[in-house]
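See structure below.
Protein chains: 2
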Amino acid sequence: MENKPYVIGLDLGGTNSVFGIVDADAKIVASTSIRTKGHADVNEYVACCCEALRPLIEQVGGIDKIKGMGIGAPNGNYYSGTIEHAPNLEWKGIIPLAKLFSDGLGIPVVLTNDANAAALGEMIYGAAKGMKNFIMITLGTGVGSGIVVNGELVYGSDGFAGELGHVIVDTSDDARLCGCGRKGCLEAYCSATGVARTAREFLAKRSDESELRSIPMEQITSKDVAIAAGHGDQLACEIYKFTGELLGRTCANFTTFSSPEAYVFFGGLTKAGDLIMNPIKEAYDANVLNIFKGKAQILISQLDDAQAAVLGAAALAWKQ
Amino acid sequence: MENKPYVIGLDLGGTNSVFGIVDADAKIVASTSIRTKGHADVNEYVACCCEALRPLIEQVGGIDKIKGMGIGAPNGNYYSGTIEHAPNLEWKGIIPLAKLFSDGLGIPVVLTNDANAAALGEMIYGAAKGMKNFIMITLGTGVGSGIVVNGELVYGSDGFAGELGHVIVDTSDDARLCGCGRKGCLEAYCSATGVARTAREFLAKRSDESELRSIPMEQITSKDVAIAAGHGDQLACEIYKFTGELLGRTCANFTTFSSPEAYVFFGGLTKAGDLIMNPIKEAYDANVLNIFKGKAQILISQLDDAQAAVLGAAALAWKQ
Numbered sequence: 227m228e229n230k231p232y233v234i235g236l237d238l239g240g241t242n243s244v245f246g247i248v249d250a251d252a253k254i255v256a257s258t259s260i261r262t263k264g265h266a267d268v269n270e271y272v273a274c275c276c277e278a279l280r281p282l283i284e285q286v287g288g289i290d291k292i293k294g295m296g297i298g299a300p301n302g303n304y305y306s307g308t309i310e311h312a313p314n315l316e317w318k319g320i321i322p323l324a325k326l327f328s329d330g331l332g333i334p335v336v337l338t339n340d341a342n343a344a345a346l347g348e349m350i351y352g353a354a355k356g357m358k359n360f361i362m363i364t365l366g367t368g369v370g371s372g373i374v375v376n377g378e379l380v381y382g383s384d385g386f387a388g389e390l391g392h393v394i395v396d397t398s399d400d401a402r403l404c405g406c407g408r409k410g411c412l413e414a415y416c417s418a419t420g421v422a423r424t425a426r427e428f429l430a431k432r433s434d435e436s437e438l439r440s441i442p443m444e445q446i447t448s449k450d451v452a453i454a455a456g457h458g459d460q461l462a463c464e465i466y467k468f469t470g471e472l473l474g475r476t477c478a479n480f481t482t483f484s485s486p487e488a489y490v491f492f493g494g495l496t497k498a499g500d501l502i503m504n505p506i507k508e509a510y511d512a513n514v515l516n517i518f519k520g521k522a523q524i525l526i527s528q529l530d531d532a533q534a535a536v537l538g539a540a541a542l543a544w545k546q
Numbered sequence: 227m228e229n230k231p232y233v234i235g236l237d238l239g240g241t242n243s244v245f246g247i248v249d250a251d252a253k254i255v256a257s258t259s260i261r262t263k264g265h266a267d268v269n270e271y272v273a274c275c276c277e278a279l280r281p282l283i284e285q286v287g288g289i290d291k292i293k294g295m296g297i298g299a300p301n302g303n304y305y306s307g308t309i310e311h312a313p314n315l316e317w318k319g320i321i322p323l324a325k326l327f328s329d330g331l332g333i334p335v336v337l338t339n340d341a342n343a344a345a346l347g348e349m350i351y352g353a354a355k356g357m358k359n360f361i362m363i364t365l366g367t368g369v370g371s372g373i374v375v376n377g378e379l380v381y382g383s384d385g386f387a388g389e390l391g392h393v394i395v396d397t398s399d400d401a402r403l404c405g406c407g408r409k410g411c412l413e414a415y416c417s418a419t420g421v422a423r424t425a426r427e428f429l430a431k432r433s434d435e436s437e438l439r440s441i442p443m444e445q446i447t448s449k450d451v452a453i454a455a456g457h458g459d460q461l462a463c464e465i466y467k468f469t470g471e472l473l474g475r476t477c478a479n480f481t482t483f484s485s486p487e488a489y490v491f492f493g494g495l496t497k498a499g500d501l502i503m504n505p506i507k508e509a510y511d512a513n514v515l516n517i518f519k520g521k522a523q524i525l526i527s528q529l530d531d532a533q534a535a536v537l538g539a540a541a542l543a544w545k546q
C-alpha cells in the first residue's frame, strides 16, 4: 500500500478560502488561506489556490503523500462535485470545482456543502463522535444543516438534501420574506440576519428601554444584540429567547423525521450560551411528541470555529 | 445452504391480523387471518396465531421451509422487536411481540411499524421499485410514514423515526387538537378523521348546498365525503382540495430534509384520485425550494391495499 498520510481540507467561504493539510489524527499540520473574493474566473481562482498550496505540499513531502482533497462549499453537490448557483459566490451557474482541483493537483477531490462538511467534522472529531443519527444546525449568515442517518450523511436523490434552514416555520400572512424568495423560512428568523430583524421588530413594537436603541435601527447586527445581552439588556435577552424557542419548536418537528440522538448547534449565535440554548431545550421538550421526550441531546459544537469546516472537509477526503 | 424458500408476513392491524406465506417472487402462496380484537392477553393472541398458521405452514412443507417472519404493527419498534404503547391495541405497555412469535414458531422474527413495512413493500414490489430515497405517506385512520434514505429505512436513534403525521402544520391558536395531545399535527387534518373534521368545519362556516348536509353532522365520515365528491358535490371536492394542498405544502417541507426521488401515497384517501393528487402536486410545486423544483415524483401506491402490508412485512423477513 502507498504511504499517503495526509489529506487537504478546503473550507470555501464567500469571503475567504481556508486550507489545511490534515493527518489521520485530525491534526492540521500546515495551513494557509486566500481571499475567495476577487477571482471573477474560477480557473484563475483554482490556479491561485494551487499556487498557495504548493509550499504546504512540499512541506509534507510532496503530492505523493496526499491521499486526496475534500472541499466544503456553499451549494456544493456531493454527487456531481459541483457548486450550483451559489448566491454568495462570484461564479454563476454550475461550477465543476472538484474536477478543476483534481486536474490542478493530480489527486482525487470530493466536495459537499459547508454544513455537511461541518457535520462530518463533528461526527469524526467533535460533539457527535460515535453517533449514527444526529442533526447539525449551523447558525451563521444563513441557517444550514447536515443530517446524519445510520452513520451516513443524507444527500438525497440529487445531492441537495439537508436544507433545514428553508423549512417553513411561519405560515401566517405576515411571515418574513426569506432570501430564497419564499416566506416564513427558519433562516429568516434564526440566522444572524434573522436575529437582527427580530431586534428591529422588537424595538419597533415595544417601548421598553434597551441599549440597542442607541444604534441606528437599520445598522443593528446580531453582534450588537450579543453585546447588549452580555450586559444583561432585557430586550436583547428576549431576542435570544424568541430565537431559541423557534429553533426548539422546529427541531421537535425534525425529530419526527429521523429521531436523532442529538442536535449539534454551530456558529456565531451559539456564543450566547444558555441565553439561546436554554430556550431551545425548553421549547424542544415542550413540543416534541411524547415517545421522543427526553431522548435527544441538545449540544453546542465542540469544534473550533476556524477549524471545524476544514476538518470536516478533510474528513470527507478520508472517507472517500 | 438450507432450502428455505418462504417467509411469513403479518399485517397486525387494530381490528384484524392478516398472515401470508410469501415466496421470493413476492407471491402469497397461502394466507389466513384472525381477529386482533378480543385477545386481552397477548400470549393467548400469539397462541391463536400459531394455531391459525399451522395448516399453512404444513401446506408449504413445514417450518423448516420458512426463513423467518416479518411483522408490521402499530408502534412497532424495529430495534427491540416490541410494540410500545399502541393506542389502538388492547395490550398496554411494552409488548415483546417478536420474541413471543419467535418462541412460538421457532424461527427468527423481525418487527417494524406498519407504515415502515408498507414502505419496504413499496420499495421491493411497488411504485418505489429501485428507488434509494423516497417517502411513503399512509393516509388512513391516522397519517403514517416510512422514510427511505440511501436505500435503507430510517429508524433513527430509538427505532421510532418516521412519524411525519405528527409534524406541526398549523401553529395558530385555533389549530386542531391531535390524538397525540398536541395541536396542529398533520394527522389532525389529513387522516380519514381529519377529513371528516374538515367536512364539519366547512359545513358549519359555509352556507352553500351540499349533499353532505343530509347527513347528521357528527356522523359524517371520510367515506361520505368520497361518495359526495364522486357525485360532483362542490363542497366535498373542496374538502379534498384543502386536504391535498396541506399535504403538498407539508411535503415541500419534508423535501428540505431528504430530497426524495418520490412521495408515494397509500390508503383510503388516495381513492379520490386526481381530486386529492392534483392539489398535492400543485401545492408541492408552488411551495418547494427552487433547487428541488420538478424533481420529486408524486405517486399513488401500486400495491393492492390488502396485500401491501403483508408483502412489506414479508420483505422485512427477507432482508433480515
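For the record, the sequence lines run as chains X and Y.
Heads up: the first sequence begins at 227 in my numbering, then just goes up one per residue.
Heads up: the second sequence begins at 227 in my numbering, then just goes up one per residue.
In this text, a Cβ means the ideal position worked out from N, Cα and C, and glycines have one as well.
Chain-order list of residues whose beta-carbon lies under 7 Å from that of residue i (same chain, five-residue window excluded)
i       : result
K325(Y) : G307
P231(X) : D249, A250, K291
I289(X) : I283, L331, G332, I333
L529(X) : G347, E348, Y351, G352, L537
M227(Y) : Only weak support exists for where M227(Y) lies, its pLDDT of 49 falling under 50; the coordinates are left without a value.
Local conformation of residue i per DSSP, three classes
i       : result
G470(Y) : helix
E378(X) : strand
D237(X) : strand
I361(X) : strand
Y304(Y) : coil
L549(X) : One cannot answer for residue 549(X) here, as it falls past the ends of chain X, which runs 227 to 546.
I247(X) : strand
N342(X) : helix
A532(Y) : helix
I333(Y) : coil
A256(X) : strand
K230(X) : coil
Neighbourhood of residue i by C-beta distance below 6 Å, restricted to the same chain and skipping five residues each side
i       : result
P505(Y) : K467, G470, E471
Y296(X) : Note on identity: in this sequence residue 296(X) is Gly, with Tyr being the wrong assignment. Only G235, V336, A539, A540, L542, A543 meet the Cβ criterion.
F491(X) : I363, I526
V244(Y) : D237, S259, V536
G294(X) : V233, I333, P334, A543, Q546
D459(X) : S436, E437
S328(Y) : V335
A478(Y) : Y510, N513, V514
A256(Y) : I247, L282, Q285
Y305(X) : G385
A208(Y) : Outside the displayed span of chain Y (227 to 546) sits residue 208(Y), for which this structure offers no information.
Sequence-distant residues of the same chain with beta carbon closer than 8 Å to residue i, five excluded per side
i       : result
N269(Y) : L326
C406(Y) : H392, E413
A273(X) : G330
E277(X) : none
R432(X) : L461
N242(X) : S259, I260, R261, T262
T447(Y) : A418, A422
Within chain B, the residues that residue i reaches when beta carbons sit closer than 7 Å
i       : result
G382(X) : Absent from the structure is chain B; the protein chains it does hold are X and Y.
- Message: Using a Cβ distance threshold of 8 Å, determine whether the region 310-321 of chain Y contacts the region 342-351 of chain Y, with at least three qualifying pairs required.
- Response: Too few Cβ pairs lie closer than 8 Å, so no.
- Residues from the region 513-535 of chain X in contact with chain Y, defined by Cβ distance under 8 Å: Only those residues of the region 513-535 of chain X whose C-beta falls short of 8 Å from the nearest C-beta of chain Y are listed: N513, L515, N516, I517, F518, K521, A522.
- Which ranges does the beta strand (DSSP E) cover as unbroken runs of at least 3 residues, wholly within the region 456-520 of chain X, from first to last along the chain? Runs of the beta strand (DSSP E) inside the region 456-520 of chain X: 488-492.
- Query: Between the region 350-366 of chain X and the region 442-451 of chain Y, do at least 3 Cβ pairs fall closer than 8 Å?
  - Reply: Segments in contact, no.
- In chain order, what residues of the region 315-332 of chain Y put their CB closer than 7 Å to some CB of chain X? Flagged: no residues at all.
- Task: List in chain order: all unbroken alpha helix (DSSP H) runs of 4+ residues lying wholly within the region 362-448 of chain X.
- Result: With a minimum length of 4 residues, the unbroken runs of alpha helix (DSSP H) contained wholly in the region 362-448 of chain X fall at 413-416, 418-431.
- Message: Closer than 8 Å is the cut-off here; do at least three beta carbon pairs connect the region 499-514 of chain X with the region 373-381 of chain X?
- Response: They do not touch, by the three-pair rule.
- Message: Short of 9 Å Cβ to Cβ, which residues in the region 388-400 of chain X face chain Y?
- Response: Taking 9 Å as the cut-off between beta carbons, the residues of the region 388-400 of chain X near chain Y are G388, E389, L390, G391, H392, V393, I394, V395, D396, T397, S398, in sequence order.
- Which ranges would you report for the beta strand (DSSP E) in the region 258-311 of chain X if only whole runs of at least 3 residues count? Within the region 258-311 of chain X, the runs of beta strand (DSSP E) that reach at least 3 residues and sit entirely inside it are, in chain order, 292-298, 308-310.
- Sufficient close CB pairs (3 or more, under 8 Å) joining the region 378-388 of chain Y to the region 480-490 of chain X: As far as the Cβ criterion goes, the region 378-388 of chain Y touches the region 480-490 of chain X, which means the pair count is three or higher.
- Going along the chain, which residues of the region 260-282 of chain X sit with their C-beta nearer than 7 Å to a C-beta in chain Y? Result list empty, no residue passes.
- Query: What residues in the region 454-488 of chain X bring their beta carbon closer than 7 Å to a beta carbon of chain Y?
  - Reply: Hits within the stretch, in order: N479, T482, F483, S484, S485, P486, E487.
- Item | Contacting positions in the region 431-447 of chain Y - beta carbon closer than 9 Å to chain X | Against chain X - using a Cβ distance shorter than 9 Å - the region 431-447 of chain Y contributes no residues.
- Below 8 Å between beta carbons is the criterion; list the residues of the region 414-430 of chain Y that meet it against any residue of chain X, in chain order. Within the region 414-430 of chain Y, no residue qualifies.
- Message: Tell me which residues of the region 488-512 of chain Y have at least one Cβ-Cβ distance to chain X shorter than 9 Å, keeping chain order.
- Response: Hits within the stretch, in order: A488.
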